[in-house]
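K.L.:
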Amino acid sequence: MDKYIDERFDRVQRALTTLIDSVTKYTPSTTQANELAQADKELSEGLHELQTHQNNYLRIQELRKEADDLDAQIKTTVSLLWNTRKEITATPTTSYPSSGPRYDFSYSDLLNYARRIARTTVPPPGVTNGVDLSAPPADQGTSAEQTPITATTDNALVTNGTPATTTQPQPTASADPSQPSQPSQQTSQQTFTTALPEHMADSVNLLEGAVFYPWPGEDRIRNGALEQCQRLVNAGVDPVGYDPEEEERKRLAAREEAERREALEAEERRKREEERFARARAAALERERQRQAAAQAAAGGEGTGPAGQSSPEARRDSKPKQFQFMGGLDDEDDD
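So the sequence shown is numbered by the working numbering: it starts at 268 and just counts up by one.
#1: Look at the Cβ atom of Glu309, then the Cβ atom of Arg275, and state whether they are nearer than 8 Å.
#2: If you reduce the DSSP assignment to three classes, tell me which class Phe620 lands in.
#3: Mind checking whether Trp482 and Thr387 have CB atoms under 8 Å apart?
#4: Determine the DSSP secondary structure at Val507, reduced to helix, strand or coil.
#5: Going by DSSP in three states, Tyr324 sits in which element: helix, strand or coil?
#6: Below 6 Å CB to CB, which residues in the same chain sit around Asn427 once its five sequence neighbours on both sides are set aside?
#7: Rounded to the nearest angstrom, what separates Leu325 and Asp307 at their Cα positions?
#8: For the putative contact between Thr285 and Gln299, defined by C-beta atoms under 8 Å, what is the C-beta separation to the nearest angstrom?
#9: Three-state secondary structure (DSSP) at Ser346?
#10: Helix, strand or coil for Phe372? Go by DSSP, reduced to three states.
#11: If we call anything under 8 Å between Cβ atoms a contact, is Tyr509 one with Leu499?
#12: Buried or exposed: where does Gly313 fall if 16 or more other Cβ atoms within 10 Å of its Cβ makes it buried?
#13: Can you give the Cα-Cα distance for Gln563 and Leu531, rounded to whole angstroms?
#14: Looking at the unbroken alpha helix (DSSP H) that takes in Phe276, where does it start and where does it end?
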């Protein structure tokens, strides 16, 4: 590229020198001027090509540098992979005992357990956040500096314990001696603080007396799953594989079965009572019939006297008998 540009510079220089000599000799020629213009045009094209060449060369250098960086990165990655594989193969495997209980769990179970115990792993917000543990306790020094504010009659405020008072100008003595001179006005001040009293500060502080324990309380444990497992163990039930919903379903099924059995037993008792009452009514009816038959037989043998007249005993027996409850009931049943 340098030789290419040098040739165009030389051509421009020769054309320019020839044109200057012709002008100096007072023999100018348009051909020499055209030759200079043509040489200048070729020089411009050569410079443009030189710019393109330089840009391409810079791009090639960048690509080469990027290729070298990528090669180095690949080598580093391969070396890291090789070292990692070497460490993995050199790590001894853990041998778990074949005997003993093994419990499988998933990541969701582990995250749920961590979420449930998270409230007892860190203190509540505000208990230790922003508290300088290196500072002395409140009972050994002042907890907060009280900023006094002083109110004056002329609306002047006092901050940081420095009173800023303004005094009104005193009136001059009157020229009239009959009027007594007025006394100078004294500025009255009233001081109060922005800090709350100690008994009120303890009341409004929500974290006053807050104690953090890194474990759940006894009442929370008694209302949790551990207490339920302990109750199952005390009742002789294995907590492993215990399904409360299945147990509830079995309990409801057992109760329904007991209710159905009680209903069947009640129905059987009712049927037995009805059969017993029916047998008792049949026996009473049979006894009543036997008694009536015996009474009729006795009346037929002794009721007729001489000349076909009935005796007084027969007439007494022929009177209608007194109403009997069982007999009437039996007659109604027969009807």
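Quick reminder that beta carbons are idealized off the backbone N, C-alpha and C, glycines included. Given the structure is predicted, the values throughout are model-derived calculations rather than measurements.
P.N.:
The answer reads as follows:
#1: yes
#2: Given that the chain is displayed from residue 268 to residue 602, the structure contains no residue 620 and the question cannot be resolved.
#3: yes
#4: coil
#5: helix
#6: Residue placement at Asn427 cannot be trusted, given a pLDDT of 43 that sits under 50; what the coordinates show is reported in the next sentence. Once the five neighbours on either side are set aside, Asn427 has no close Cβ partner at all.
#7: 27 Å
#8: 5 Å
#9: helix
#10: coil
#11: yes
#12: buried
#13: 48 Å
#14: Asp269 to Thr291
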